[in-house]
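Engineer: Handing you a structure now.
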Amino acid sequence: MSEALALEISGLSHKYGKLTALENVNLTLAPNRVYGLLGRNGSGKTTLLNIIAKSLFPKAGKIKMFGAEAFEHPSILKKLCYVREKNLAPPGARARDILMGCRQAYPNWDEKYARDLVSMFELNINKKYKQLSRGMESTLGLIIGLASRAELTVFDEPSLGLDPAARGLFYDEVQRDMDKHPRTAVISTHLIDEVSRLFDEVIIINKGRILAFNTVEALLSGYISLTGPLELIEGAMSGLRILRADELGGIARVISEWDGRALPDGLIADIAPLQNVFVHMTEGDVSR
26 MSEALALEIS GLSHKYGKLT ALENVNLTLA PNRVYGLLGR NGSGKTTLLN IIAKSLFPKA
86 GKIKMFGAEA FEHPSILKKL CYVREKNLAP PGARARDILM GCRQAYPNWD EKYARDLVSM
146 FELNINKKYK QLSRGMESTL GLIIGLASRA ELTVFDEPSL GLDPAARGLF YDEVQRDMDK
206 HPRTAVISTH LIDEVSRLFD EVIIINKGRI LAFNTVEALL SGYISLTGPL ELIEGAMSGL
266 RILRADELGG IARVISEWDG RALPDGLIAD IAPLQNVFVH MTEGDVSR
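Read in our numbering, the sequence shown has 135 at position 110, and its numbers run on one by one without any break.
Written out as structure tokens, the structure is:
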């Protein structure tokens, strides 16, 4: 028998009064893959995550988690760890007590790994949650998400407040631990190019609808980055839409749509950054 999908969402819609936050969202997430969830502010991204975590009941649609109706089987939540962007814990709770509670909440909790992560990220577990800096709040969430070893782990803006070194350490650790202990993860982030190497597939949500759902390679296949003399690039890119162009001293770097045409000598071609493609795909007024 085939392994149950980590998540099946069908016909999901939600409104806040007259404002439509989600409209007929359909998604299927396979086990043991890392998904990037990308969307501008107000795109419906957080509403979607809150519904997945059962902290918000949708107006319409169904959600199955590992083959079971999520809203009809409360026990299924033991398979889920949702690391929120903020308000992770009561302000007066100490970090060590929060981690102790997680030991009870998550069946696959790895206590040794949690302690190793506390040491790695230099988290002071004796501090109260309200005393933690923004970066340390994020660090606590990262430790919980990784050490939970939950079958479905959702990170909402996991690296807010972290310095570049700490972010890099987190990305490396996610990649290493997901390879060693496969499970399904969803990472919602605005730091797209930093995190894109972790993604097996990318979900782009815009104005409450799924705009794209594919591998990074497939999403970028219609775009290119070119570096070289400005006049050479202008001739080569004739008729194509330019996403971004930077020029200094006659040498330009251009991110452009791409149709597979032959390029003249003297230009350096590279893969277009996912961030630029995301902005291009979601440009325009975002009202939700």
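Note that the Cβ used here is the ideal one computed from N, Cα and C, for glycine as well.
So what does DSSP say about Tyr196, is it helix, strand or coil?
Structural biologist: Collapsing the DSSP output to three states places Tyr196 in a helix.
Engineer: Go ahead and pull the three-state DSSP assignment for Ser221.
Structural biologist: helix
Engineer: State the start and end residues of the unbroken beta strand (DSSP E) segment that holds Arg278.
Structural biologist: 276 to 282
Engineer: Here's the rule: buried if 16 or more other CB atoms are within 10 angstroms of the residue's CB, otherwise exposed. What is His206?
Structural biologist: Classification for His206: exposed.
Engineer: Is Ile34 helix, strand or coil when you go by DSSP?
Structural biologist: strand
Engineer: Taking contact to mean 3 or more Cβ pairs, one atom from each stretch, closer than 8 angstroms, check whether the segment 256 to 272 and the segment 287 to 306 are in contact.
Structural biologist: yes
Engineer: State the Cα-Cα distance for the pair Trp134 and Gly126, rounded to the nearest angstrom.
Structural biologist: 11 angstroms
Engineer: Do the segment 179 to 186 and the segment 141 to 148 meet, that is, are 3 or more Cβ pairs less than 8 angstroms apart?
Structural biologist: no
Engineer: Just to confirm the assignment, what range does the beta strand (DSSP E) spanning Leu177 have?
Structural biologist: 177 to 181
Engineer: Do Leu54 and Ile235 have their C-beta atoms closer together than 8 angstroms?
Structural biologist: no
Engineer: If we call anything under 8 angstroms between Cβ atoms a contact, is Lys40 one with Lys84?
Structural biologist: yes
Engineer: Please list, in chain order, all residues of the same chain as Leu223 whose beta carbon is under 7 angstroms from its beta carbon, the five residues on each side excluded.
Structural biologist: Beyond the five residues adjoining it in sequence on each side, Leu223 comes within less than 7 angstroms, by CB distance, of Val59, Tyr196, Val199, Gln200, Ile212 in the same chain, given in chain order.
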